[in-house]
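Peer 1: Chains as they are written, first to last, in our numbering: chain E, 23 to 308; chain S, 53 to 388; chain H, -16 to 253. Yeah, the Cβ is synthetic: ideal placement off N, Cα and C, and Gly gets one too. Just so you know, these numbers come straight off a predicted model, no measurement behind them.
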Amino acid sequence: MFKNHTNYKYILFVLPALVYVAALSFFPAASVVFLSFKTPKGAYSLGNYYAIKGGLLKSTFDTVIVSFGALLIQLFFAILIANILIKSLKGNKLFSTIFIIPYGISTVVSAFIFSLIFSAVGGFANSTLHSLGLLHLFGIAGVNWYATQYTSMGIVMFADFWKNTPLIALILLGGLSSIDPAMMEAASVDGAGSFRRFIHIVLPNLAPYIAIALLIRGVSEFNIFALPLVLIGYHPSLINTLVYEYFTSISSVDYSYAAATILLLIIVAFAVLVIKLGGASNYEKQ
Amino acid sequence: MTYKMELINLKKSYNSVKVLKNLNLNVNEGEFLVILGPSGEGKSTLLRTIVGIEQLDGGKVMVDGKDVTNRPPNKKNIAMVFQNYALYPNMTVYENIAFPLKMAGMNKTEIKTKVNDVAKLLKIEDVLDKNATRLSGGQKQRVAIARALVRKPALFLLDEPLSNLDARVRYTSRQELKRLQKELNYTFIYVTHDQLEASNLADRVAVLHDGVIEQIGTYNDLYEKPATKWVGDFIGAYPMNFIDGNVLNYPDKIIGFRSVWTTNGDTIKAKINLIENSEGNYYVHCTSGESNIVIKTKDQYSVGDDISFDLTRFNIYNNGVLEDVKLTEYYKSEPS
Amino acid sequence: MKNSNILSYILAIILAIIFIYPLYILILIAFEPVSLTFDRLYPYQLPFDFTLVNFESSIKDLSLITPVLRSVVVAFIVAILAIVLSTSAGYGLNKISSKFSNKIIVLMFFANMLPAIVIAIPISVYFIKLGLYDNVFGIALAQELVVLPISTFIMLGGFRALPVDIENQTNIDGANLLSSFRYVLVPLIRVPLIITFLLAWMTSWDEFTYAIIISPLAPTFPVSLYDYVSRGDPFISSSFALLVTIPVIVIVVFLQKYLKGEYLTGGMKA
């Protein structure tokens, strides 16, 4: 009510952060786009894009698969976890502590552990299958988890699910606890079973939180870098690892700008999409 | 240590809404001035612009003849008590009261003496070590007053300081505030929407309406001689009654009278809609011509009856502004 | 007990096993003789033996200590910078109209969405010129981008939650901006400050993309762990990884009550 609308001196307090963001994020991003059209000879053309067309297309495709796959798995389990934690079960404190542990393990360490688990030889996953007698059943010495690019991508998705589901679960738990219990009771009295309560009350109320989780995680999902780099290297390359691959080889530095620009495009498109959808779900709520 | 204050042509708007429009006001030394007005009329804004936590769009604030308009709040030497008291939750009562002195760079022993003195004055010595959040509403209010008093400022601004208290505490706090102000002879500017507070506390009451001081005077002045129809309507437990001037041979004028300014007679006729019983008196709501009026009587009526009465006194309004005050001589001896 | 509760328990236990298994494996490898883990085709999954040999050899190998220390230094720079920038920004944003401040917050979150690798590559070029390449300050400056929006948002929430008029009261009582902050505001925004600090610290600790591109030769712990792994040298890394992971897990568990969805989401809705 008493906000000082006319007093713009307070912008000065915001300025350092704003300048920081502009100088270290908008400016570099713009220069990447600019450089992506520049050939080694200094002319401007689409040459960089043509040169890496095939690889770029495939990486983009694979990245989209990994991102959406991982997002869906995370969302599913996060909703599950949030719904378990919201109940006042005995031992819930212990469960919530366990569920948050991956958040405290750094991405590279997680990737490292999963690389040990999914090792084709001497891995703990194969060891588990061996103990269960499954390897014997199929008459093989071990599963080569990296046999095809899709199993490789599956491993990345699994590791990503493990590392990042806690964050989404936390956000959704916040959403669940914001639902008025009286609303659920009223629905029960009206004869709605737990499934219908979930569809008609929980989900609509959760929608804005899901949108936020999707936005936060979705954007990071497209930026997934450390996990695939450690776990599967360049087999296949996702866009981020592709950019890095180009960047680290002197002969193809210019290509990295083109690949980076495509990545930038995808992110912006995804963000706009989720914000539009999330905004719409917020709107319906009112 | 008492100062006078002049407000000259104060202007303030939020976005396009004008809250203060060339507001002028003089406050005398040692005066208890109450600024009275309905909610949302910018009373708080007025205090905030005086103390400087809101920027004025125009005008001057003069304290003791010196222009302090553009001094920041911490250089103005004006104390203010907020409605919610704004005690520092991270400090004890002692630290709260000591804070202004600490900011003024006073040494510790001096601070201690002053805080103890003012605590004694406000009878809060035994809560000095408590955390400020662990006090009752009445205690919080005393601490806020103590914090304002301790630095001996030029002026005190109080923004509805009693409105968060329950009725009983409010009554005692009111008495004490009045006693304190008179004893110490400080200039108090006190904002409220509560007429009872205004009539009890004020040396003078200034009615804020539509961005200006519409009338200033003792509460009795405002009650008996409202300068405008709006003030008449606003002041009093019942609004002033207004009827067509033709009834008393004042064509094109409006007659204003209080419900107690009536006596038996047959000059004015009305039809009764509703009757309120209040401690042996009846407040009769009725319609006279086009106007809804309320009159006080000792006689019993029923809803639907016709009633007629004369006036012991009345005010004449021309275009909503007070033109004349008539004390009707021959009615005057009769009790109302 | 209701049926749905039994189902919840079963699910919770299965998920708990999945979430704890990798950490268990890390601990197992660290304390088990290599002959029972890496040297076997099917490594044992139960603790048959206990040894500190792996730890001793990892601590003797000093090459990982420097990156860990570097990571700690970078994380502290990032966290302190986050506190300074976001406190200032949060304070300012709280004072201007929310219509305007929301736009600025959205802008900052938008910047946050730009891919790290897209930004890191050109920044590395500029940092070479500025002498910030392969330098702890260079990494910290870049990583700050990741934490600044959420930090600003948390601090804005902190300032918004302050009691009405408390800062005005300090001014009326004679305090200038500095003493307002020192005696009243900072004590009152203590919790958001702590959250901001820890979130920034942990984000930096975990950050990989900026670190590997901006400081490949003076690596932080994640980058040098990656180097070890890609060189196929997991023996030392595992006990070392455990060593540096345990304190962070302890912090996270300890901080659980602060890691609420509200802190991470509120601003996006406004």
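Between the alpha carbons of residue 54 of chain H and residue 151 of chain S, how many angstroms are there, rounded?
Peer 2: Their Cα atoms are separated by approximately 42 Å.
Peer 1: Would residue 250 of chain H be called buried (16 or more neighbouring beta carbons within 10 Å of its own) or exposed?
Peer 2: Because residue 250 of chain H carries a pLDDT of 40, less than 50, the predicted location of this residue cannot be relied on, and the following value inherits that uncertainty. It is buried - the Cβ of residue 250 of chain H has at least 16 other Cβ atoms within 10 Å.
Peer 1: Using the rule of at least 16 other Cβ atoms within 10 Å of the residue's Cβ for burial, across every protein chain shown, is residue 363 of chain S buried or exposed?
Peer 2: It is buried - the Cβ of residue 363 of chain S has at least 16 other Cβ atoms within 10 Å.
Peer 1: List, from N- to C-terminal side, the alpha helix (DSSP H) runs of 4 residues or more that fit wholly inside the stretch 22 to 86 of chain H.
Peer 2: Runs found: 36 to 43, 48 to 78.
Peer 1: Could you give the distance in angstroms between the alpha-carbon of residue 142 of chain E and the alpha-carbon of residue 172 of chain E?
Peer 2: Those two C-alpha atoms are separated by around 15 Å.
Peer 1: Would a check of beta-carbon distances place residue 301 of chain S closer than 8 Å to chain H?
Peer 2: With 8 Å as the cut-off, residue 301 of chain S does not count as an interface residue toward chain H.
Peer 1: What is the DSSP secondary structure of residue 202 of chain E, reduced to helix, strand or coil?
Peer 2: Reduced to three states, the DSSP call for residue 202 of chain E is coil.
Peer 1: Would you call the stretch 344 to 353 of chain S in contact with the stretch 304 to 315 of chain S, where contact means no fewer than 3 C-beta pairs closer than 8 Å?
Peer 2: Yes: the two stretches touch, three or more of their Cβ pairs being nearer than 8 Å.
Peer 1: At a CB-CB cut-off below 9 Å, which residues of chain S make contact with residue 170 of chain H?
Peer 2: Here the neighbours are 140, 141, 142, 143.
Peer 1: Take the Cβ of residue 39 of chain H as the centre, count every other Cβ of all protein chains shown within 10 Å, and call the residue buried at 16 or more, exposed below.
Peer 2: By the neighbour-count rule (16 or more Cβ atoms within 10 Å), residue 39 of chain H is not buried but exposed.
Peer 1: Is it buried or exposed for residue 384 of chain S, if we count other Cβ within 10 angstroms and need 16 for buried?
Peer 2: Any reading at residue 384 of chain S must be qualified, since the residue scores a pLDDT of 46, below 50, and its modelled position is unreliable; the value itself is stated next. The residue is exposed, with fewer than 16 neighbouring Cβ atoms inside 10 Å.
Peer 1: With burial defined as no fewer than 16 other Cβ atoms inside 10 Å of the residue's Cβ, what is the status of residue 211 of chain H: buried or exposed?
Peer 2: Buried, since its Cβ has 16 or more Cβ neighbours within 10 Å.
Peer 1: Give every residue of the same chain whose Cβ lies closer than 6 Å to the Cβ of residue 14 of chain H, excluding the five residues on either side of it in the sequence, and list them in chain order.
Peer 2: The answer, listed in chain order, is 33.
Peer 1: Going by DSSP in three states, residue 221 of chain H sits in which element: helix, strand or coil?
Peer 2: Looking at residue 221 of chain H - three-state DSSP - the assignment turns out to be helix.
Peer 1: What's the gap between the Cα of residue 232 of chain S and the Cα of residue 211 of chain E?
Peer 2: Their Cα atoms are separated by approximately 60 Å.
Peer 1: Would you report the Cα separation of residue 70 of chain S and residue 110 of chain S, rounded to the nearest angstrom?
Peer 2: Going from the Cα of residue 70 of chain S to the Cα of residue 110 of chain S covers about 12 Å.
Peer 1: Secondary structure at residue 185 of chain S, three-state DSSP: helix, strand or coil?
Peer 2: Residue 185 of chain S falls in the helix class under three-state DSSP.
Peer 1: From S/262, S/243, S/143, pick the residue whose C-alpha is nearest to that of residue 256 of chain S; which is it?
Peer 2: Checked all of S/262, S/243, S/143; the closest Cα to residue 256 of chain S is S/243.
Peer 1: Secondary structure at residue 159 of chain S, three-state DSSP: helix, strand or coil?
Peer 2: DSSP places residue 159 of chain S in coil when its eight states are reduced to three.
Peer 1: Count the other CB atoms within 10 Å of the CB of residue 248 of chain E; is the residue buried (16 or more) or exposed (fewer)?
Peer 2: Its Cβ being crowded by 16 or more others within 10 Å, residue 248 of chain E is buried.
Peer 1: On the criterion of 16 or more Cβ atoms from any shown chain inside 10 Å, does residue 342 of chain S qualify as buried, or is it exposed?
Peer 2: Exposed: under 16 other Cβ atoms inside 10 Å.
Peer 1: Figure out for me which residue from E/284, E/130, E/175, E/102 has the closest Cα to the Cα of residue 252 of chain E.
Peer 2: Residue E/130 is the option with its Cα nearest to residue 252 of chain E.
Peer 1: With 9 Å as the C-beta to C-beta threshold (strictly closer), list the residues of the stretch 114 to 127 of chain S near chain H in chain order.
Peer 2: Those residues of the stretch 114 to 127 of chain S that come within reach of chain H (Cβ to Cβ, closer than 9 Å) are 124, 125, 126, 127.
Peer 1: Using 8 Å as the threshold, is the stretch 93 to 112 of chain S in touch with the stretch 53 to 67 of chain S, meaning 3 or more CB pairs across them?
Peer 2: The stretch 93 to 112 of chain S, when compared against the stretch 53 to 67 of chain S, does touch it at the 8 Å Cβ threshold.
Peer 1: Against chain E, which members of the stretch 147 to 163 of chain H pass a CB distance test of less than 7 Å?
Peer 2: So the list is empty, because no residue satisfies the distance condition.
Peer 1: Since residue 71 of chain E and residue 280 of chain E should fall inside the 8 Å C-beta cutoff, what is the C-beta to C-beta distance between them, to a whole number of angstroms?
Peer 2: Correct: roughly 5 Å between the Cβ atoms.
Peer 1: Taking the C-alpha atoms as reference points, what is the distance between residue 211 of chain S and residue 352 of chain S?
Peer 2: Using only the alpha carbons, I get a separation of about 43 Å.
Peer 1: For residue 134 of chain S, which residues of its own chain have a beta-carbon under 7 Å away from its beta-carbon, when the five flanking residues on both sides are left out?
Peer 2: Taken in chain order, the residues that qualify are 211.
Peer 1: Could you tell me which chain H residues have their CB closer than 8 Å to the CB of residue 88 of chain E, listed as they occur along the chain?
Peer 2: Within 8 Å Cβ-Cβ: nothing; residue 88 of chain E doesn't reach chain H, min ~15 Å.
Peer 1: From E/56, E/31, E/48, E/145, pick the residue whose C-alpha is nearest to that of residue 5 of chain H; which is it?
Peer 2: Of the candidates E/56, E/31, E/48, E/145, the one whose C-alpha sits nearest the C-alpha of residue 5 of chain H is E/145.
Peer 1: Hey, how far is the Cα of residue 159 of chain E from the Cα of residue 152 of chain E?
Peer 2: Roughly 9 Å between the two C-alpha positions.
Peer 1: Quick check on DSSP: helix, strand or coil for residue 76 of chain S?
Peer 2: Looking at residue 76 of chain S - three-state DSSP - the assignment turns out to be strand.
Peer 1: Could you name the residues of the same chain whose beta carbon sits closer than 7 Å to that of residue 388 of chain S, not counting the 5 residues immediately before and after it, in chain order?
Peer 2: Any reading at residue 388 of chain S must be qualified, since the residue scores a pLDDT of 41, below 50, and its modelled position is unreliable; the value itself is stated next. Contacts found: 312, 313, 314, 315, 364.
Peer 1: So which residues on chain H does residue 167 of chain E lean against when the C-beta distance must stay under 9 Å?
Peer 2: Within chain H, no residue comes near residue 167 of chain E; the closest Cβ sits about 15 Å away, beyond 9 Å.
Peer 1: Rounded to the nearest angstrom, what separates residue -9 of chain H and residue 189 of chain E at their Cα positions?
Peer 2: Those two C-alpha atoms are separated by around 20 Å.
Peer 1: Looking only at C-alpha atoms, which of E/105, E/68, E/167, E/138 sits nearest to residue 193 of chain E?
Peer 2: Nearest of E/105, E/68, E/167, E/138 to residue 193 of chain E, Cα basis: E/105.
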